[in-house]
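No gaps in the numbering here: position 236 of the sequence shown is 236 in full-length UniProt numbering, and each next residue is one more.
Accompanying notes for the structure given below.
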Amino acid sequence: MAPTPMAGDGPIAAVAPRTPPPPSASAEASASGSGSGAAGSAAEAPVLIFVYFHKAIRAELDRLHAAAVRLATERGGDGDVAALGTRCRFLFSVYRDHCDAEDAVIFPALDIRVKNVAGTYSLEHKRENDLFAHLFSLLQLDVHNDDGVRREVASCAGAIRTFITQHMFKEEEQVFPLLITKFSYEEQADLVWQFICNIPVNMMADFLPWLSSSVSPDEHQDILNCLHKIVPQEKLLQQVVFAWIGGKAVTVAHNFDNYCSKGSYGCEDTSHQTDKKICSHENCKIGKRKYAESNHSQLVTHPIDEILYWHDAIRKELSDIAEETRRIQQSGDFSNVSAFNVRLQFIADVCIFHSIAEDQVIFPAVDGEVSFEQEHAEQEQRFNKFRCLIEEIQTAGARSTAVNFYSELCSQADQIMEEMEKHFNNEETKVLPQARINFSPEKQRELLYRSLCVMPLKLLEQVLPWFVLKLDDANGQSFLQNMFLHLPLKLHWLLFSPAGHAKVV
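Here is the structure:
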């Protein structure tokens with residue numbers, strides 16, 4: 001039998017480092033409290049919580065590689081192939097969200113204070129994505145019956161393990177010390193909280209218990225101490241986070257593929273000990289919930305039709321942006337271009353995550369044959385092109401007065417409007433009718449809730465007040481009613497957060 005290739009022995013050898021370095025001893029010592037540096041724990045230096053994230057990822061990489069090697073050497077059955085695929089998808093989801101949050105929060109903040117560091121790591125994230133894409137493509141082949149494919153799977157899993165291990169080692173040796181020295185405790189805490197808020201809600205309920213199960217009891221306590229200091233002092237929000245981290249760890253080989261079917265994502269209301277203020281607040285919400293339930297038959301026939309509300313809200317926002325674009329073209333006034341860019345970024349995020357929800361939740365449930373992934377990818381590219389154009393205008397400043405520059409801006413806005421309208425019409429005629437027929441109202445509410453949970457916590461807190469403001473009174477009541485009927489109690493704070501309290505209630 002041919003030897004099983006490890007990292008560096010297969011066709012992917014050119015892109016993989018040869019030998020994985022050991023975990024950063026200094027970083028682990030600091031995080032565990034035995035280091036000699038000024039910061040001895042995550043509770044003292046919040047960015048050191050990322051050392052525990054890395055430890056959990058390393059353990060998962062080891063398990064993935066070991067499973068791939070066993071498959072190659074022992075020729076496992078179909079169940080082993082499926083389990084490997086599930087483990088791979090879980091690791092990819094965790095690591096992708098980790099990297100996305102780094103790219104969105106950590107590296108931009110670091111780049112402001114230390115130049116020429118962040119770019120290298122973001123580029124490596126892209127190379128890691130390519131390796132995962134190659135592994136996924138191999139798993140689509142005849143893994144069970146082809147010895148060569150199984151060896152290549154083991155080789156690719158080894159390369160992923162090696163590359164990511166080395167990447168994390170460099171972060172621990174180069175990036176973490178810079179974050180500790182260049183950022184105050186308060187700034188580090190804010191960065192870590194922003195990082196957490198950039199992870200999708202549906203992943204957080206699996207990510208935090210999985211993290212807890214991957215560290216020692218002392219390290220787990222350090223994580224808790226850190227989170228107690230960095231999570232904002234909203235009682236309900238703290239209950240959500242600590243309910244997640246105290247939840248049951250995901251059993252990867254069996255549970256991950258089913259996590260999208262969970263109704264509560266591990267956020268069941270298990271705590272009944274809240275202070276008087278919180279109880280009063282809850283009673284207010286329970287009263288609203290009872291009112292919503294009593295009017296259920298009048299307000300909602302098919303909860304899935306709330307997707308139409310989202311479409312209309314997005315239409316209104318895009319129409320406003322297109323109108324603002326034409327105003328800019330006519331006046332040549334770019335004094336508010338920064339605010340305009342923020343608004344564009346917001347609606348782009350709304351559209352992108354709306355598409356992700358459709359691809360991951362709605363369409364697979366309704367009809368596995370229905371797919372708009374290509375259209376969604378093209379829409380994201382269109383938004384990115386529009387954003388780049390705005391950023392070019394910001395950079396050019398007063399020099400950006402050419403007529404064709406403004407014309408291109410208007411053209412891009414009109415194309416986005418046209419493409420989104422066509423896309424919405426297709427969904428409304430091809431998908432929603434099936435959902436109305438095939439699913440009970442409760443199932444429809446579950447799908448809507450799961451669709452919201454593909455968003456990161458940070459975006460979700462912004463989107464809900466914005467969305468309700470776009471609705472008339474009847475549709476707004478319908479939306480709130482369905483959220484109360486399916487949203488776990490501890491997530492009701494999203495509808496009553498300080499940023500959106502007056503708007504939503």
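Note that beta-carbon positions come from the ideal geometry of N, C-alpha and C, so glycine has one too.
Residue i: buried (16+ other C-beta within 10 angstroms of its C-beta) or exposed?
i	result
Q221	exposed
P433	exposed
E392	exposed
G332	exposed
P217	exposed
P456	buried
L464	buried
I112	exposed
E268	Confidence is the limiting factor: at E268 the pLDDT is only 33, short of 50, which leaves the residue's position unreliable, though a coordinate-based value still follows. Exposed.
residue 590	In the structure displayed, the chain extends from 1 to 505; residue 590 sits before or after that span and is not available.
Q345	exposed
G266	Confidence is the limiting factor: at G266 the pLDDT is only 32, short of 50, which leaves the residue's position unreliable, though a coordinate-based value still follows. With 16 or more other Cβ atoms within 10 Å, it is buried.
Q477	buried
L123	exposed
Q330	exposed
Q374	exposed
T165	buried
S36	Reliability of the predicted coordinates at S36 is poor, the pLDDT of 33 falling under 50, and the value obtained from them is presented with this limitation in mind. Exposed is the call here.
Q239	buried
C279	Confidence at C279 is low in this model, with a pLDDT of 34, below 50, so the placement of that residue is unreliable and no value is reported for it.
V504	Any answer about V504 is weak, because its pLDDT of 35 lies below 50 and its placement is not dependable; what the coordinates show is given next. Looking at its Cβ environment, which holds 16 or more other Cβ atoms inside 10 Å, V504 is buried.
P364	exposed
V342	exposed
A474	exposed
N482	buried
G148	exposed
V480	The amino acid occupying residue 480 in the given sequence is Leu; Val does not appear at that position. It is buried - the Cβ of L480 has at least 16 other Cβ atoms within 10 Å.
H254	At H254, the pLDDT of 41 sits below 50, so the modelled position is not reliable; the number obtained from the coordinates is stated separately. Exposed, because fewer than 16 other Cβ atoms sit within 10 Å of the Cβ of H254.
E74	exposed
T162	buried
D206	buried
V252	Caution is warranted here: a pLDDT of 47 is assigned to V252, below 50, making its placement in the model unreliable, and no coordinate value can be reported.
S440	exposed
F256	Reliability fails at F256, whose pLDDT of 47 lies under 50, so the model's placement of it is uncertain and the value that follows must be treated cautiously. That one is buried.
N425	exposed
Name, in chain order, the residues that DSSP records as bridge partners for residue i.
i	result
P456	P200
If contacts are defined as beta-carbon pairs under 8 angstroms, then residue i and residue j qualify, I think. What distance do you get, rounded to the angstrom?
i	j	result
A66	L84	Going by Cβ atoms, the distance from A66 to L84 rounds to 10 angstroms, so no, they are not a contact pair.
I347	L448	No, I347 and L448 are not in contact; Cβ-Cβ is about 20 angstroms, not under 8 angstroms.
H134	C156	6 angstroms
H54	M203	In fact, because the Cβ distance is near 17 angstroms, the residues do not count as touching under 8 angstroms.
C226	A43	5 angstroms
I356	V454	5 angstroms
F132	Y121	Their Cβ separation, rounded to whole angstroms, is 17 angstroms, which puts F132 and Y121 out of contact at 8 angstroms.
residue 518	V215	The structure shown has nothing for residue 518, since the chain only spans 1 to 505.
Q444	H302	6 angstroms
residue 584	H423	The requested residue 584 is not part of the displayed model; the chain covers only 1 to 505.
L389	E408	6 angstroms
A313	F467	6 angstroms
L318	M420	6 angstroms
L138	E152	6 angstroms
V81	Q174	Contact flag wrong, Cβ pair sits at about 38 angstroms.
R150	L71	6 angstroms
Would the C-beta of residue i count as close to the ligand COA, meaning under 7 angstroms from any of its heavy atoms?
i	result
L139	Only the bare structure without any ligand can be found here, which leaves the ligand COA out of the picture.
Problem - Touching by the beta-carbon criterion (3+ pairs, under 8 angstroms), the region 230-248 and the region 181-196 - result: yes
Handout entry: Inter-stretch contact at 8 angstroms, needing at least 3 Cβ pairs: the region 83-101 / the region 171-182
Key = no
Practice task
Indicate whether the contact test is met: 3 or more Cβ pairs, each with one atom in the region 411-425 and one in the region 314-333, closer than 8 angstroms.
Solution key: yes
Practice task
Kindly provide the ranges of any alpha helix (DSSP H) runs that are 4 or more residues long and lie completely inside the UniProt domain "Hemerythrin-like" (302-435), ordered along the chain.
Solution key: 306-331, 337-357, 363-366, 373-396 and 403-430
Exercise for the section: Could you tell me which uninterrupted beta strand (DSSP E) segments, each at least 3 residues in length, are contained entirely in the region 129-212, listed from first to last along the chain? Expected result: none
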